[in-house]
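Numbering (the working numbering), first residue to last: 134 to 501. In this text, a Cβ means the ideal position worked out from N, Cα and C, and glycines have one as well.
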């Protein structure tokens, strides 16, 4: 085993939880949970990845208990008796083969398509009612609606601990509700929930983390996923300098985040001019906390191209492993490569790269 593979399969802590290797299954919406209830097929889907050696599974986005958190009745919920029972079965299946699993807790905000989901007559929520700059879809959230949303996240994270999950990830990326509070284009509030600076606009998320930490204690691992880019604007950078990024991250870190999941469309891109560090590299440097890199790892096309019908061929991961070996980041999150290859981790460990299958959009049609 070469030194790069050896590093990939070395353990590391998140909070006090030992992750056996550096491979994380990235959260990927599959929409295979009818009536928002994850079934036995979902449990077996995650179990297959765990028994093939994924160090940590982060589930697909699973929505909190407000009437307007989801845009698809086939996306799993993380509230209510039947969905939570389904998730308990998922946890038990993963633990049965020695795996670790976190749910990703999610609210879609004003990106929700109300006509395709539950409570279609209920308005979508966003800090200023904007889906993107100058596109209003609802009224700004009231103070009560903000409190209801924070409480829904806290309850979901508490439920994760009660169901036996090993930790939880909060989805604060890609232009959804939490990210809409971060973004100056969708948060134009003049009260305490807005602000001119990026660090001021972290309040909604830091309150979620802080209050969750009070409920679940100091030892329950919490990951926070964020991105600079938005679905509404691929080139956007909410933090334009390392100094701005540091202020943003430290607010979240100080509220109780243990690890940051740093989403880029292409992980190999540097985040700021004058440095080769990617977003996860800068995040680790600024916070001194573990970071996860993600974005088209091991594939030739980014996931946006997937939605256009393009297949993605396996590609060399030496550059990824070299940067991991040099401690630029701590974990690597694998997405589509794990959809088409449940045994991706085993194949990489044995350096059987020629056996890794091409990812095609057809792979999304079923839970392989």
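Look at residue 374 here: in three-state DSSP terms it is coil, with no helix or strand label.
Between residue 389 and residue 355, the C-beta spacing is below 8 Å.
Counting other Cβ atoms within 10 Å of its Cβ, residue 174 stays below 16 and is therefore classed as exposed.
Nearest to residue 287 by C-alpha distance, out of 142, 320, 196 and 395, is 196.
Cβ-Cβ separation between residue 205 and residue 164: approximately 5 Å, consistent with a contact (criterion under 8 Å). Under the criterion of beta carbons closer than 8 Å, residue 391 and residue 422 qualify as touching, at roughly 7 Å. Under the three-pair Cβ rule at 8 Å, the segment 346-362 counts as touching the segment 290-308. Taken atom to atom, the span from the alpha-carbon of residue 380 to that of residue 140 is near 31 Å.
Runs of the beta strand (DSSP E) lying entirely within the segment 255-334 and spanning at least 3 residues, in chain order: 263-265 and 301-304.
Within the same chain, 410, 411, 412 and 415 come within 7 Å of residue 404 by CB-CB distance, once the 5 residues on both sides are set aside. One Cα belongs to residue 247, the other to residue 253, and the distance between them is close to 5 Å. By alpha-carbon distance to residue 267, the top candidate from 318, 207 and 387 is 318. Residue 339 and residue 384 have their C-alpha atoms some 7 Å from each other. It is roughly 10 Å from the alpha-carbon of residue 349 to the alpha-carbon of residue 300.
Following the DSSP letters along the chain, one finds residue 189 in no alpha helix (DSSP H) but inside the beta strand (DSSP E) bounded by residues 189-196. Taking C-beta atoms as the reference points, residue 231 and residue 259 fail to come closer than 8 Å.
Per DSSP, the unbroken beta strand (DSSP E) holding residue 425 starts and ends at 424-427. Annotation for residue 216: the continuous alpha helix (DSSP H) segment containing it runs 214-229. For the pair residue 331 and residue 315, the CB atoms are nearer than the 8 Å cut-off.
Here the alpha carbons of residue 457 and residue 303 stand approximately 24 Å from one another.
If you ignore the 5 residues before and after residue 235, its C-beta comes within less than 8 Å of the C-beta of 189, 190, 191, 192, 293, 298, 299, 300, 301, 302, 354 and 356, all in its own chain and listed in chain order. Taking every protein chain shown into account, the CB of residue 325 has fewer than 16 other CB atoms within 10 angstroms, so this residue is exposed. With fewer than 16 other CB atoms across the displayed protein chains lying within 10 angstroms of its CB, residue 374 is exposed.
The secondary-structure analysis by DSSP pairs residue 358 across a beta bridge with 304 and 394.
When DSSP states are grouped into helix, strand and coil, residue 445 belongs to the strand group. Taking 8 Å as the cut-off, the Cβ atoms of residue 468 and residue 159 count as close.
Here DSSP, grouped into helix, strand and coil, assigns residue 150 to strand. The Cβ atoms of residue 463 and residue 145 lie closer than 8 Å to each other. Here residue 341 carries a helix assignment [DSSP, helix/strand/coil]. DSSP places residue 138 inside the alpha helix (DSSP H), whose first and last residues are 136-141. A straight-line Cα-Cα distance of about 11 Å links residue 419 and residue 393.
In the same chain as residue 479, and ignoring 5 residues on each side of it, the C-beta atoms closer than 7 Å to its own belong to 185 and 186, in chain order. Residue 472 carries a helical assignment under DSSP once its states are collapsed to helix, strand and coil.
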